[in-house]
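Okay, so the sequence shown: first residue is 1 according to our numbering, each after it adds one.
C-beta: ideal position from N, C-alpha, C; glycine also.
For reference, the structure is listed below as structure tokens.
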Amino acid sequence: MGEALLTSALLRHACETGDGLEEAFACRVPPIPVSRGSCLVRLLQSAWALPHSCVAWVLCWGLVSRLSRKMCAPATENAQGNVYTLSMCANEAINKVRAVKEVPCFGAVCLLGLGVTGQAVVAYFLAHPHSFTSLTVYAGPSTPETLAYVRGLPAEVQVHRDSERVRGSFDTTVVSPGIAPASLMYQSALATSRLLISEPELAWRVSGQRWIAITGTNGKTTVTELTAHLLRNAGIAARVGGNIGTPCIQVVRERAPDEYLVAELSSYQLHSMRDFAPEIAVLLNITPDHLHWHGDLAAYVADKCKIVQNLASERPAVVDATLPETREVVRHLRREGRRVIPLGTAAGITESMVERCGAAEAAYVDGQSGRLTLKVDGRLFELIAAERLQLQGAHNYENALAAAVCAASVGLSAAQISAGLASFKPLEHRFEPCGQVEGVNFVNDSKATNTDAAIKAIIAFADDGNVRTSQVLVMLGGVDKGVELDGLVAACQANCKYAICYGQAAQRFYAALAPALPTILEPDFGAAFARATQLAQPGDTVLLAPACASFDEFASFEARGEAFKRAVQQLGVERDTQQKLTLSAASSGAGRRGHHS
């Protein structure tokens, strides 16, 4: 059995597309067992070593074309006894996916960042030593956690700490999501690497089957979890990964061959995508966010749209059609003859693109029946009424529709989708009901870290006629993202009883909101919560929808949401204790009056 210096996957791609032969021969791959063809590999290497004359090229290409089937025979299992698949950038007709039964080699690998994502990437490579020739890590600033982790790494892993400039020459660089493209580390890595990709693309290249990818400024976590819930509820194995918590490379290592990977992808992760092509892609709303990282709104939109750029024409792109930015994506995909399933129309989620402009497929809330409705692949799905969702708020109708389209595209029936939608409960910190204290409702939407998410939470309390169904006291504050506030002011003016501004962003928010409605300025989160509870009356709702990042007082939006829930719980205990003391005092007084009489 010979030693191949090429992965059969790279050669297979070159054989069938005519592209990438030079990359295929340049890839430095350690010995990988192959079933046959090693002699041919050596012959091809010799041919490629000749001067790049036309004769050498024709000879090499002729040999590859004639004998590609033999060379592309399945390889044996790798040293770990596992069978992995490699996704390659192939022809659009088959969704740019090629699978071979061997671990791909990424040559000399460089890794940027050593947080949760970076450690998952290191774990993958160390578990598959045939997948790289060298592994170099630029860990960034040293922390006690990083130092402890590095001490446990084998000597062959080269780690650079406290260094921003990447030096050397690498075949593949994998970048962690927190490293901005304008940074010295990213730019120097780009200059020293033949290929720079994000961790989810690394995972896709390792195992590209059964991927459902979801992005958007707001709602992507809900759609990711809901999609996985719909599949599992129907008996189809599915795991979630990506920006939602578990790195995709860890999920593909652990999942069974028949499991779907439902991946939430952030704009940070999408920025460094090159060939990524899932089976289903979901592009939700795009509104200004993370502009300090991307540079401007145009760059942010472009990165979000990478989720659909490589889809095959027959693979569904599920795209929000209610906003101008994403509606333009719908138009673009249609012009290219691609398959797109729009959510709603410019008029809102209650209109259908089928009726409005003759689209073949669409998802919307039927205006007459109130049902979530899909037209997918020639089939009509009339699902449950939107009001039966446990997810509150009109913004969640779009989220439910997006997940339902994914489920329908996988093959679920209307009954299966409806059952899953009805049983799905709200996620933590995302418009999460937190109970009631003395008739006042509390809702935790700490995940509303931008103005668009806060607006959606606020207007969720208005009925179809835009009439307040409750009096809302909204808590706004944290780290200011610097976006314009006109839309937030309008939403608060129409739907809120009070706005309580706190934290780093308090002054700017107060200045914008005070002319429009009663607005209160407080120094921090605790004071804002106390003031909201003092002002709230039975029937009111205290809503945490900060429209800001949390990092002035909290480590994360989750920590902020937990603080809100603890405060609600403590308030309930205090009010209950106070009520018991009052009743006890009243009872004692009545007893004394009865005794004297």
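- [ ] Can you give me the Cβ contacts of valine 330 inside the same chain, cut-off strictly under 6 Å, excluding the 5 residues immediately before and after it?
- [x] Hits under 6 Å: Val319, Ala321, Val340 and Pro342.
- [ ] In the DSSP assignment, find the alpha helix (DSSP H) that holds glutamate 432 and state where it starts and stops.
- [x] Taken as a continuous stretch (DSSP letters only), glutamate 432 belongs to no alpha helix (DSSP H), being part of the beta strand (DSSP E) at 432-437.
Open item on the list: Once DSSP output is grouped into helix, strand and coil, what is the label at leucine 372?
Closed with: The answer is strand: DSSP assigns leucine 372 an E or B state.
- [ ] Report the option in Leu112, Lys565 and Asp377 whose CA atom is closest to the CA atom of threonine 173.
- [x] Nearest C-alpha to threonine 173: Leu112.
Task: Counted within 10 angstroms of its Cβ, other Cβ atoms place proline 177 as buried (16 or more) or exposed - done: Burial is judged here by how many other beta carbons sit within 10 angstroms of a residue's own beta carbon; proline 177 has at least 16 and is buried.
Task: Strand pairing of alanine 499, partner residues [DSSP] - done: Looking at the DSSP assignment, alanine 499 forms a beta bridge with Val474 and Thr519.
Task: Cβ distance (whole Å) where alanine 454 is taken to contact leucine 476 below 8 Å - done: Alanine 454 to leucine 476, Cβ: 7 Å. Contact.
- [ ] Let me know the secondary structure DSSP gives serine 198 once reduced to three states.
- [x] Strand at serine 198.
Open item on the list: Just to confirm the assignment, what range does the alpha helix (DSSP H) spanning leucine 147 have?
Closed with: For leucine 147, the enclosing alpha helix (DSSP H) starts and ends at 144-151.
TODO: Would you check if the segment 305-318 and the segment 237-247 touch, i.e. whether three or more CB-CB distances between them fall below 8 Å?
DONE: As far as the Cβ criterion goes, the segment 237-247 does not touch the segment 305-318, which means the pair count is below three.
TODO: Take the Cβ of glutamine 579 as the centre, count every other Cβ of all protein chains shown within 10 Å, and call the residue buried at 16 or more, exposed below.
DONE: Around the C-beta of glutamine 579, fewer than 16 other C-beta atoms lie within 10 Å, and the residue is accordingly described as exposed.
Open item on the list: One question on the structure: do alanine 403 and leucine 583 come within less than 9 Å of each other, judged by their Cβ atoms?
Closed with: Between alanine 403 and leucine 583, the CB-CB gap reaches or exceeds 9 Å.
- [ ] Note down the Cα distance separating phenylalanine 381 from methionine 353, rounded to an integer number of angstroms.
- [x] Near 15 Å, if we compare the C-alpha coordinates of methionine 353 and phenylalanine 381.
TODO: Go through the segment 393-426 residue by residue and report every complete run of the alpha helix (DSSP H) that reaches 4 residues or more, in order.
DONE: Qualifying alpha helix (DSSP H) stretches, in chain order: 395-410 and 414-423.
Task: Environment of glutamine 436 [buried if 16+ CB atoms lie within 10 Å] - done: By the neighbour-count rule (16 or more Cβ atoms within 10 Å), glutamine 436 is not buried but exposed.
Task: Sufficient close CB pairs (3 or more, under 8 Å) joining the segment 268-276 to the segment 187-198 - done: Contact holds: three or more Cβ-Cβ distances are below 8 Å.
- [ ] Determine the direct distance from the alpha carbon of alanine 407 to that of valine 542, and round the result to whole angstroms.
- [x] Computed Cα separation, rounded: 35 Å.
Open item on the list: Strictly by DSSP, which residues pair up with tyrosine 138?
Closed with: Answer is Leu112 and His160.
- [ ] Compare the C-alpha of arginine 153 against each of Glu361, Gly420, Val121 and Gly526 and name the closest.
- [x] Per the sequence presented here, residue 153 reads as leucine, with arginine not at that position. Cα-wise, what sits closest to leucine 153 is Val121.
TODO: Since I believe asparagine 233 is in contact with alanine 512 (beta carbons under 8 Å), could you give me their beta-carbon distance rounded to a whole number of angstroms?
DONE: The Cβ separation is near 44 Å, so there is no contact.
Task: Cross-strand partners of serine 193 (DSSP beta bridge) - done: Note: serine 193 sits in a beta bridge opposite Phe170.
TODO: Let me know the secondary structure DSSP gives isoleucine 244 once reduced to three states.
DONE: Three-state DSSP puts isoleucine 244 in coil, outside helix and strand.
Task: Residue from Ile179, Asp162, Ser193 and Tyr149 whose Cα sits closest to the Cα of serine 169 - done: For the residues Ile179, Asp162, Ser193 and Tyr149, the minimum Cα distance to serine 169 belongs to Ser193.
- [ ] Take the Cβ of glutamate 325 as the centre, count every other Cβ of all protein chains shown within 10 Å, and call the residue buried at 16 or more, exposed below.
- [x] The residue is buried, with at least 16 neighbouring Cβ atoms inside 10 Å.
Task: Under the three-state DSSP convention, the category aspartate 576 falls into - done: Note: aspartate 576 maps to helix in three-state DSSP.
Task: Spatial distance of valine 474 from methionine 185 (CA atoms) - done: For valine 474 and methionine 185, the distance between alpha carbons rounds to 40 Å.
Open item on the list: Is the separation between the beta-carbon of threonine 222 and that of valine 262 shorter than 9 Å?
Closed with: It is not a contact, given that the beta carbons lie outside the stated cut-off.
Task: Nearest-angstrom beta carbon gap, glycine 478 and aspartate 552 [assumed within contact, 8 Å] - done: Confirmed, about 6 Å.
TODO: Classify isoleucine 236 as helix, strand or coil using the three-state DSSP reduction.
DONE: DSSP places isoleucine 236 outside both helix and strand once states are collapsed to three, so it counts as coil.
- [ ] Report the rounded CA-to-CA distance for alanine 422 versus arginine 388, giving the unit in angstroms.
- [x] Going by the C-alpha atoms only, they are around 6 Å apart.
Task: C-alpha distance - leucine 297 paired with aspartate 576, whole-angstrom precision - done: Going from the Cα of leucine 297 to the Cα of aspartate 576 covers about 49 Å.
Open item on the list: Considering only their Cβ atoms, is the gap separating asparagine 243 from aspartate 275 smaller than 9 Å?
Closed with: Taking 9 Å as the Cβ cut-off, aspartate 275 and asparagine 243 do not qualify as a contacting pair.
- [ ] Please name the residue in Arg327, Gly503 and Ala213 whose C-alpha comes closest to that of cysteine 248.
- [x] Of the candidates Arg327, Gly503 and Ala213, the one whose C-alpha sits nearest the C-alpha of cysteine 248 is Ala213.
TODO: With DSSP collapsed to three states, give me the class of leucine 583.
DONE: Secondary structure at leucine 583: helix, using DSSP grouped into helix, strand and coil.
- [ ] Out of Glu314, Thr287 and Thr246, state which residue places its alpha-carbon closest to the alpha-carbon of valine 301.
- [x] Each of Glu314, Thr287 and Thr246 was checked against the Cα of valine 301, and the nearest Cα belongs to Thr287.
Open item on the list: Here's a check: name, in chain order, each residue in its chain whose Cβ is nearer than 7 Å to the Cβ of alanine 585, leaving out the five neighbours to either side.
Closed with: In the same chain as alanine 585, and ignoring 5 residues on each side of it, no C-beta atom comes closer than 7 Å to its own.
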